[in-house]
Amino acid sequence: MYLRLAKRALLETDKRLVAKFAWLMGYKGLRSVVKHKSRLKRGEFFPPFLYISVINSCNLRCQGCWVDVAAKQEKIDIDAMDSLLNQAKAMGNSFFGILGGEPFMHADLLEIFARHPDAYFQVFTNGHFITDEVAKELRRLGNVTPLISIEGSEIISDERRGRGGVYSKSIEGIENCTRNKLLTGVCTSLCQTNYDDLLQEKWIDRLIEMGVFYTWYHIYRIVGPEPNPQLALTPEQQYQARKFVVEMRCKKPIAIIDAYYDADGNALCPAATGFTHHISPYGDIEPCPVIQFAKESIHDERPLKEVFNESEFLQGFRELAASSTRGCIILERPDLLNEYARKNEAKDTTVRGAAYQELDELQTNPSQYNPGREVPEKSWAYWLLKKFAFHDYGAYGRHFELKNWRPTIKDGEAVNQSQSHPPLVQLETTLPTSAEK
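Using numbering that gives the first Met the number 0, the first residue of the sequence shown is number 0, and each one after it goes up by one.
Listed below in structure tokens is the structure:
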């Protein structure tokens with residue numbers, strides 16, 4: 000399988016792009032993790048990877064979206080992006096996730112990539128703005144990998160994305176990328192409407208036939224103004240999704256990414272471990288894209304190095320999240336997150352000004368944490384990579400105790416939980432405030 004994957008990388012993509020990927024994302028990306036580990040040993044903090052939402056606008060209206068896509072357009076301008084990226088690179092970072100809205104609606108996006116040839120960018124996009132001309136420019140730049148969202152079959156995808164013709168337009172974007180030999184990815188937010196169609200070996204085979212080099216399965220998050228809880232996966236479905244990913248990694252010549260498990264199959268949250276945080280289109284520094292509260296901004300007068308290192312709000316969030324669950328705190332314990340944000344007087348970073356109300360109305364839901372049903376990596380390459388670069392960095396060892404974990408409940412009873420879960424207990428968590436730190 001590894002030889003077939005290497006053959007595809009050499010024959011189906013531009014070799015110069017493969018070399019840039021190996022250097023900027025591979026070597027320098029791993030070096031950023033080494034620097035992160037060294038900082039942690041000194042009691043310092045700066046995340047080795049940043050998600051940056053460069054614009055709020057989008058041409059689609061997807062179910063469950065948390066971004067104010069219909070609000071007045073707001074974007075991080077090119078000078079602010081230069082400052083942000085240069086400061087992060089000075090800390091050793093080289094790999095950045097670019098989100099929106101729809102990132103390609105940012106008029107200066109390609110210029111941003113061009114100004115930072117020593118960084119690598121993964122762009123989360125619906126693919127509608129990737130014309131043949133844009134794909135050719137991305138190939139010329141060489142430091143960008145497009146990650147195009149496909150949310151189901153044509154009927155399901157168009158329904159999920161809020162309009163007709165979305166699926167075909169996204170497929171056209173993928174074809175423009177692969178025809179120009181880009182390292183192209185396809186991502187899916189797994190939910191009830193696409194689980195049976197896209198979590199299939201035949202879908203993986205189709206991606207390979209199209210020339211897609213990697214795929215990424217996210218799990219649908221119940222957040223935002225219209226959370227659509229009926230779309231969420233059950234714990235059994237999440238378990239089966241994890242098994243599928245682990246097995247396909249050993250079988251198919253395509254890279255398959257997941258973001259919620261370490262090498263031994265233990266659940267984790269990248270924001271709780273400090274691996275990543277999120278920058279909003281307004282410059283707010285948030286724990287993650289779906290948690291829209293902040294106390295700091297990239298526009299603060301202090302250097303970004305000091306902002307991250309001295310943020311009591313972000314540190315307190317990491318401790319709270321890591322002590323509450325190994326899964327997703329906004330799914331399992333929106334009550335704790337709500338109380339923490341209120342006690343710290345965190346800013347609601349949404350335009351709609353309803354983030355607190357939305358947390359008030361959220362019910363507890365299962366996340367990726369399902370103790371007793373861990374699925375370790377079977378691929379030695381993925382196992383080694385995760386052991387080195389994608390683990391808990393000691394966060395759960397310092398803060399989490401299984402006896403204090405409270406399974407997802409509704410009306411006093413466990414919901415969608417496996418029989419391996421411990422008896423329901425009340426989680427008692429100290430909620431730190433700025434004054435108490």
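A virtual CB, placed ideally from N, CA and C, is assigned to each residue, including glycine.
Pairwise C-alpha distance: I170 and Y213: Within the sequence shown, the letter at position 214 stands for residue 213. Within the sequence shown, the letter at position 171 stands for residue 170. C-alpha separation (whole angstroms): 15 Å.
With 16 other Cβ atoms within 10 Å as the buried cut-off, status of Y26: Counting from one through the sequence shown, the residue named residue 26 turns up at place 27. With fewer than 16 other Cβ atoms from the protein chains shown falling within 10 Å of its own Cβ, Y26 counts as exposed.
Straight-line Cα distance separating S152 from A18: Indexing the sequence shown from 1 puts residue 18 at position 19. Indexing the sequence shown from 1 puts residue 152 at position 153. Cα atoms of A18 and S152: separation of roughly 34 Å, rounded to the nearest angstrom.
Range covered by the beta strand (DSSP E) that runs through C186: Indexing the sequence shown from 1 puts residue 186 at position 187. In the DSSP annotation of this structure, the continuous segment of the beta strand (DSSP E) that includes C186 starts and ends at 184 to 189.
Counted within 10 angstroms of its Cβ, other Cβ atoms place F387 as buried (16 or more) or exposed: Against the sequence shown, residue 387 aligns to sequence position 388. The residue is exposed, with fewer than 16 neighbouring Cβ atoms inside 10 Å.
Neighbour-count burial assignment, H298, 16 or more Cβ in a 10 Å radius: The sequence position of residue 298 within the sequence shown is 299, counting from 1. For H298, the number of other beta carbons within 10 angstroms of its own is below 16, and it is reported as exposed.
Span separating the alpha-carbon of V350 from that of V68: Residue numbering aside, residue 350 sits at position 351 when the sequence shown is read from its first letter. Residue numbering aside, residue 68 sits at position 69 when the sequence shown is read from its first letter. In this structure, the straight-line span from the alpha carbon of V350 to that of V68 is close to 10 Å.
Spatial neighbours of A394 in its chain, beta-carbon cut-off 7 Å, leaving aside the 5 residues before and after: What you label residue 394 is simply residue 395 of the sequence shown in a count that begins at 1. Within the same chain, Cβ atoms closer than 7 Å to the Cβ of A394 are found at A271, T272, G273, R317, A321, the five residues on either side in sequence being excluded.
Range of the contiguous alpha helix (DSSP H) that encloses G315: Translated into the one-based positions of the sequence shown, residue 315 becomes position 316. Per DSSP, the continuous alpha helix (DSSP H) segment holding G315 begins and ends at 311 to 323.
C-beta atoms of I173 and G223 nearer than 8 Å: Along the sequence shown, read from residue 1 onward, the residue named residue 173 stands at position 174. Along the sequence shown, read from residue 1 onward, the residue named residue 223 stands at position 224. No, Cβ-Cβ distance for I173 and G223 is not below 8 Å.
Heavy atom of the ligand SAH within 7 Å of G63 beta-carbon: Here there are no bound small molecules, and the ligand SAH is not part of this structure.
Those residues which DSSP pairs with T214 across a bridge: As a working note, residue 214 is residue 215 in the sequence shown. BP columns for T214 point to V185, I255.
Beta-carbon proximity check, C176 vs S148, cutoff 8 Å: For this step, residue 176 is matched to residue 177 along the sequence shown. For this step, residue 148 is matched to residue 149 along the sequence shown. With contacts defined as CB atoms closer than 8 Å, C176 and S148 fail to qualify as a contacting pair.
Cβ-Cβ separation, L181 to A134 (assumed contact under 8 Å), whole Å: On the sequence shown, position 135 is the one that residue 134 refers to. On the sequence shown, position 182 is the one that residue 181 refers to. Confirmed, about 6 Å.
At least three beta-carbon pairs within less than 8 Å, the region 56 to 70 to the region 106 to 114: Here the region 56 to 70 makes no contact with the region 106 to 114; the two share fewer than three CB pairs at distances below 8 Å.
Inter-residue Cα distance where the pair is V53 and D81: Translated into positions along the sequence shown, residue 53 becomes position 54. Translated into positions along the sequence shown, residue 81 becomes position 82. Roughly 12 Å between the two C-alpha positions.
Cβ of P375 within 8 Å of any chain B Cβ: The structure shown contains no chain B; it holds only a single protein chain.
Cβ contact (3+ pairs, closer than 8 Å) linking the region 246 to 253 and the region 2 to 12: Contact holds: three or more Cβ-Cβ distances are below 8 Å.
With 16 other Cβ atoms within 10 Å as the buried cut-off, status of W404: As a first step, residue 404 must be located in the sequence shown, where it is residue number 405. With 16 or more other Cβ atoms within 10 Å, it is buried.
Assigned secondary structure, Q121 (DSSP; H/G/I helix, E/B strand, else coil): Within the sequence shown, residue 121 is the residue found at index 122, counting from 1. Q121: strand per DSSP, three-state reduction.
Secondary structure of V143, DSSP reduced to three states: Taking the sequence shown and counting its residues from 1, the one referred to as residue 143 is at position 144. When DSSP states are grouped into helix, strand and coil, V143 belongs to the strand group.
Option in N193, E300, A87, N308 with minimal Cα separation from R160: By one-based count along the sequence shown, residue 160 stands at place 161. With distances taken between Cα atoms, R160 lies closest to N193.
Environment of G163 [buried if 16+ CB atoms lie within 10 Å]: In the sequence shown, the residue the question calls residue 163 occupies position 164. It counts as exposed.
Cβ pair count under 8 Å reaching 3, the region 276 to 285 against the region 74 to 92: Output reads yes: the region 74 to 92 touches the region 276 to 285.
Three-state secondary structure (DSSP) of G126: Taking the first residue of the sequence shown as 1, we reach residue 126 at position 127. Under the three-state reduction of DSSP output, G126 falls in the coil class, being neither helix nor strand.
Classification of H420 by the beta-carbon crowding that lies within 10 angstroms, buried from 16 upward: Residue mapping note: residue 420 aligns to position 421 of the sequence shown, counting from 1. In this prediction, H420 scores a pLDDT of 35, lower than 50, which makes its location untrustworthy; the coordinate-derived value is nonetheless stated afterwards. H420 comes out buried.
Anticipated Cβ contact below 8 Å, S323 with L335, distance rounded: Numbered from its first residue, the sequence shown carries residue 323 at position 324. Numbered from its first residue, the sequence shown carries residue 335 at position 336. Between S323 and L335 a beta carbon distance of about 6 Å is seen, short of the 8 Å cut, so the two are scored as contacting.
Beta-bridge partners of D283, as assigned by DSSP: Translated into positions along the sequence shown, residue 283 becomes position 284. As computed with DSSP, D283 is found in a beta bridge with S296.
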